[in-house]
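First to last, the protein sequences are chains A and B. Per the numbering used here, the very first residue in the first sequence carries number -8; after that it's consecutive. Per the numbering used here, the very first residue in the second sequence carries number 2; after that it's consecutive.
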Amino acid sequence: MLAFLIRRILQTVPTVLAVVLVIFVLFSVVPGSIVSSMNDDGRGPTDPQVVERMKKQLGLDDPVYVRFGAYIAKLATGDLGTSFRTREPVTTMLAKRMWPTLQLIFAAMTFAIVIGVPLGFVAALKPGSIVDTISMVLAVSGLSMAKFWLGLLLMYLFALKLGWLPSFGYGDGGLKYLILPAVTLGVSPMALLARTTRAAVLEIMTADFVRTARSKGMSETRVVKWHVMRNALVIILTTIGLQFGALMGQAVVVEKLFSWPGIGSLLVDSVLQRDIPAVQGSIFVVVLFFLATNMLIDVLYGVIDPRIRYA
Amino acid sequence: MMFRMIAIVAGLGLALSATAEAQTPRKGGTIRMTAPYGSSFTSMDIHTTQRAQDEIVAKGLHRSLYIWDSAEGKPVPELAKEVIVSGGGLVHTFKLRDDAYFHHGRKMTADDVIWSFNRIMDGTKAYPGARFVRVIEGAAEVEKGQTKEISGLKKIDDFTLEMKLTEKVDPGFYFFTALTSIYPADEGAKEGFIQKPIGLGPFRFVEHVPGSRVVMERWDRFYKPGKPYADKLIVSIMGEAAARDVAFRNKEIDTSVLGPAQYVAYQADPNLKGTIAEVAEVFTRHMGMNPTFKPFADKRVRQAINHAIDTDLIISKLVKNKAYRATSWLPLTSTSPLYDKTMKPYAFDPAKAKQLLADAGYPTGFEFEWTTSQNESWGLPIVEAIIPMLDRVGIKVKVKQVETAVLADAIKKGDFQAYVYSMSTGPDPQAALKCFYSSTPQSACNYTTFKNSDFDKMIDEAGQTDDAAKRTQLLQKANALLYDEAPVWFFNYNKAVMAVQPWLKGIQLNATELTHQNVEDLWVDETSPAK
Chain A
-8 MLAFLIRRIL
2 QTVPTVLAVV
12 LVIFVLFSVV
22 PGSIVSSMND
32 DGRGPTDPQV
42 VERMKKQLGL
52 DDPVYVRFGA
62 YIAKLATGDL
72 GTSFRTREPV
82 TTMLAKRMWP
92 TLQLIFAAMT
102 FAIVIGVPLG
112 FVAALKPGSI
122 VDTISMVLAV
132 SGLSMAKFWL
142 GLLLMYLFAL
152 KLGWLPSFGY
162 GDGGLKYLIL
172 PAVTLGVSPM
182 ALLARTTRAA
192 VLEIMTADFV
202 RTARSKGMSE
212 TRVVKWHVMR
222 NALVIILTTI
232 GLQFGALMGQ
242 AVVVEKLFSW
252 PGIGSLLVDS
262 VLQRDIPAVQ
272 GSIFVVVLFF
282 LATNMLIDVL
292 YGVIDPRIRY
302 A
Chain B
2 MMFRMIAIVA
12 GLGLALSATA
22 EAQTPRKGGT
32 IRMTAPYGSS
42 FTSMDIHTTQ
52 RAQDEIVAKG
62 LHRSLYIWDS
72 AEGKPVPELA
82 KEVIVSGGGL
92 VHTFKLRDDA
102 YFHHGRKMTA
112 DDVIWSFNRI
122 MDGTKAYPGA
132 RFVRVIEGAA
142 EVEKGQTKEI
152 SGLKKIDDFT
162 LEMKLTEKVD
172 PGFYFFTALT
182 SIYPADEGAK
192 EGFIQKPIGL
202 GPFRFVEHVP
212 GSRVVMERWD
222 RFYKPGKPYA
232 DKLIVSIMGE
242 AAARDVAFRN
252 KEIDTSVLGP
262 AQYVAYQADP
272 NLKGTIAEVA
282 EVFTRHMGMN
292 PTFKPFADKR
302 VRQAINHAID
312 TDLIISKLVK
322 NKAYRATSWL
332 PLTSTSPLYD
342 KTMKPYAFDP
352 AKAKQLLADA
362 GYPTGFEFEW
372 TTSQNESWGL
382 PIVEAIIPML
392 DRVGIKVKVK
402 QVETAVLADA
412 IKKGDFQAYV
422 YSMSTGPDPQ
432 AALKCFYSST
442 PQSACNYTTF
452 KNSDFDKMID
462 EAGQTDDAAK
472 RTQLLQKANA
482 LLYDEAPVWF
492 FNYNKAVMAV
502 QPWLKGIQLN
512 ATELTHQNVE
522 DLWVDETSPA
532 K
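Structural data, given as structure tokens:
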């Protein structure tokens, strides 16, 4: 197990380096810079002397390879650089944003699992029934609906019309502020989980070992509990893992819409203002989270199904 | 039509202020403002940022030597009780307030002003406020690292400061924004200042949740007796207009900035119509034409473009009347003595446009590339509406769409044939017109590399004269010359529109930026849902 973990961790290094390189090069060639974005709201003229000093101070006049080399050297020591925009360490900025994002994606995934997995199971156990039809219509709708639009609909219904929940903001970080953004973010993985679970359960229900179990006289409840559920879990867990990892990236829209102070909104602001160190830092965290989640899922495979070895 | 609208604006302003005056301000409560310009706050160190979004917070936390008085339409002394001008208009002696306390309890003195201005001129830090402080004698030397202290600033005593300028300008226009806020000399140098800023403003810092909000509470030792009225000020970042709309209707926020579509919707809704506050802001939307692109070097072509576009139609149908027709460069502000009401905008006259093009040697027109952002009020939708209008006179347009930051970059580098942009053209008319002064670099604000010796002469004379009436006359003439030379298509002056909940009183119609409120004058009545 330990060897497996070490190997997986080492495998992430080239992935991370490749991502860092791509982002660095991308933001070095796209037009616009922090200097131009500083005055993009047209408030007063730009001072050419200040611009020149700022470029020098931020190292924007250096060749790309020099800047990349300096960045990698810092990264190796755990220093993600200093934000062009706020002039504070990127690690400090990320630390402030990490907890709200984690809160949001854990809540969204909890919602997705609690609703999506049982829905898929129920639909698969009664294929063609009204329950199956309704749950799959819901699933397809959830997958199709844009998060921005869904968020606005939820705001309109639960904040404006029913008055149950606040429509925006982080508040004290409490549950009532978390529900709407988490549901908005969680609907899509919930729908995917429902469909995946249904497909997996339907397939397993027709497998030889299930037929054998039934022929031995095992009750349907026990068949589902001991054979179907356990085997379906590997597929469900894979979906959960992929969705969980991807949620941090998907949170961008939801965080902006609900004024949620997470890494997603930091990323958007940083891209728009060409705050390259903050963009790199944010993407770095998103990638690390994705890789860590997937590694955790790999470990869990072995727990669920002992036949899987870490060879 | 336009002057009827001016009257409406003025009337609304009067109504708002009359209502505020008629009632006794209530102490207590929470004001919940929104920061509507999309992004997170750049920094809690306001010296580092000139974005409108950041100054909304700074209006609570900080104070500068001057402050914008919306009723007067000009900057007035804030941290000074009196300003004495001598030395042929170059020396300004500030009798500073002796009752202004920083949020950590220390009294402000002349040392703090000197320290703050020296900090802003630190050339290694590139603070954007340097462009203002540079007008003080010796400031440029500090910026270049030749000396540590601005020689033109002299402390007479703790509460008297002498400031020697390099140009005969009104320092009020230079030192009223938050970029030149006065920091406490001892605290401002500490590393933790950025996390917990200390200022002289009516509210003191409580909390910053990056990407979400800033919370401030009343500073009881604020120098204006009885102010601020509210106990707490919360500024929430809300860049999404639709989300802001829901929150406003749900009474979760007290102010919301409206775009054209919402402006129409709010006007049509009897429950929301009364919440609208609007003002002509000092921003001029325009299409700049690059004279290095041969057709645009000819004044007749530039005039033809002004005649070929049905500007009123665009303002009415696309901008939903959330703008005032521009008649030249200087903006429409009801209090500006410089705005020449007799000037008429270019008439929509395609036949005349064709004639001008023919006279200029382009009887069959030409093609140009138009660089634009996606902005709904002055970007791509406007360009798309203009394409067929220009096509009618033979001018073809090739659209180049870019992000706003990229557009700003392209304009400053001259990397365009034509661009469309919204630019601050106030409040200082002299500074706004100086953007067309021949020696003003393109990278500063002379984006169309305008050169005209008569214009330069007028600006020079306006800068030298002590006669205010003569200065006004000269600047009006310079503005009229710009109108005739038409280096840009004069589109519109922004009409800023804010929805204000009925319980929030004291809103000022700030023409420099409507969201920038002197928050000590705001108060909420007992119907506010926020306690």
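No residue lacks a Cβ here, since even glycine has one placed at the ideal position from N, Cα and C.
query, result
"Skipping 5 residues on each side, what residues in its chain have a beta carbon closer than 6 Å to that of cysteine 354 (chain B)?", "First, the amino acid is wrong: residue 354 (chain B) is alanine here, not cysteine. Closer than 6 Å at Cβ, skipping near neighbours: Ala305, His308, Ala309 and Val394."
"Have a look at threonine 20 (chain B) and glycine 275 (chain B) and give me their C-alpha separation to the nearest angstrom.", "Here threonine 20 (chain B) scores only 48 on pLDDT, less than 50, and its place in the model should not be relied on; the value that follows carries that caveat. Between threonine 20 (chain B) and glycine 275 (chain B), the C-alpha separation is close to 13 Å."
"Flag this pair as touching only if the segment 344 to 362 of chain B and the segment 275 to 286 of chain B have three or more C-beta atom pairs under 8 Å; answer yes or no.", "no"
"Is methionine 164 (chain B) helix, strand or coil when you go by DSSP?", "strand"
"Considering only residues of the same chain and omitting the five flanking positions on each side of glutamate 73 (chain B), which have a CB-CB separation below 6 Å?", "none"
"Rounded to a whole number of angstroms, what is the C-alpha to C-alpha distance between proline 129 (chain B) and threonine 73 (chain A)?", "19 Å"
"Quick test of the definition: if touching needs 3 or more C-beta pairs under 8 Å, does the segment 61 to 77 of chain B touch the segment 190 to 202 of chain B?", "yes"
"With a CB to CB cut of under 8 Å and the five nearest residues on each side skipped, what residues in its chain are close to arginine 245 (chain B)?", "Thr35, Pro37, Met239, Ile254, Ser257 and Val258"
"Is any beta-carbon of chain A found at less than 7 Å from that of aspartate 410 (chain B)?", "yes"
"What residues in its chain sit with their C-beta under 6 Å from that of lysine 401 (chain B), if we drop five residues either side in the sequence?", "Glu370 and Thr372"
"Residues of chain A with CB under 7 Å from threonine 43 (chain B), in chain order?", "Arg76 and Thr77"
"Run down chain B in chain order and give the residues with a C-beta less than 7 Å from the C-beta of alanine 150 (chain A).", "Val247 and Asn251"
"Out of curiosity, what's the CA-to-CA distance linking phenylalanine 59 (chain A) and phenylalanine 15 (chain A)?", "7 Å"
"Check whether the Cβ of valine 136 (chain B) lies closer than 6 Å to any heavy atom of the ligand NAP, and answer yes or no.", "In the structure on display, the ligand NAP does not appear, and there are no ligands present to speak of."
"Does the beta carbon of proline 503 (chain B) sit closer than 7 Å to a beta carbon anywhere in chain A?", "no"
"Have a look at the DSSP bridge pairing and note the partners of asparagine 493 (chain B).", "B:Arg286 and B:Arg326"
"Can you name the start and end residues of the beta strand (DSSP E) that glutamate 370 (chain B) belongs to?", "368 to 373"
"Using three-state DSSP, classify lysine 207 (chain A) as helix, strand or coil.", "coil"
"So which of B:Pro332, B:Ala386 and B:Ser423 has the shortest CA-CA distance to aspartate 311 (chain B)?", "B:Ala386"
"Under the three-state reduction of DSSP, which class applies to valine 407 (chain B): helix, strand or coil?", "helix"
"Which residues mark the beginning and the end of the beta strand (DSSP E) in which serine 74 (chain A) is found?", "First-last for serine 74 (chain A): undefined, no H or E at that position."
"With threonine 405 (chain B) and isoleucine 57 (chain B) assumed to form a contact (beta carbons below 8 Å), what rounded beta-carbon distance in angstroms separates them?", "Contact doesn't hold; Cβ gap of about 19 Å is too wide."
"Chain B beta carbons: is any one of them nearer than 7 Å to that of leucine 93 (chain A)?", "no"
"Select from B:Val170, B:Arg120, B:Ile47 and B:Glu138 the residue whose C-alpha is nearest the C-alpha of alanine 469 (chain B).", "B:Val170"
"Starting from the N-terminal side, write out each stretch of the alpha helix (DSSP H) that is 4 residues or longer and does not extend beyond the segment -6 to 73 of chain A.", "25 to 28, 39 to 49 and 55 to 67"
"For the 8 Å Cβ check, are there 3 or more pairs between the segment 224 to 232 of chain B and the segment 504 to 523 of chain B?", "yes"
"Write down the C-beta distance between serine 213 (chain B) and serine 261 (chain A) rounded to the nearest angstrom, noting that I regard them as a contact closer than 8 Å.", "Wrong, their Cβ atoms sit about 16 Å apart, outside the cutoff."
"Under 7 Å, do methionine 181 (chain A) and glycine 107 (chain A) count as touching if we go by C-beta distance?", "yes"
"Enumerate in chain order the residues of its own chain whose CB-to-CB distance from glycine 253 (chain A) is below 7 Å, with the five nearest sequence positions on each side excluded.", "Arg88, Pro91, Thr92, Leu95, Ala242 and Glu246"
"For the 8 Å Cβ check, are there 3 or more pairs between the segment 174 to 192 of chain A and the segment 104 to 120 of chain A?", "yes"
"Using 10 angstroms around the beta-carbon of serine 529 (chain B), count the other beta-carbons present and answer buried if the total reaches 16, otherwise exposed.", "buried"
"Answer with yes or no whether the minimum CB distance from phenylalanine 280 (chain A) to chain B is below 7 Å.", "no"
"Start and end of the beta strand (DSSP E) containing threonine 450 (chain B)?", "Threonine 450 (chain B) -> no beta strand (DSSP E), and no H or E assigned at all."
"Name the one or two DSSP bridge partners that histidine 209 (chain B) has.", "B:Val215"
"Contact defined as beta carbons within less than 8 Å: I believe leucine 176 (chain A) pairs with alanine 99 (chain A). What is the distance between those atoms, to the nearest angstrom?", "4 Å"
"Hey, arginine 205 (chain B) and glutamate 218 (chain B) are a contact pair by Cβ (cut 8 Å); roughly how many whole angstroms apart?", "6 Å"
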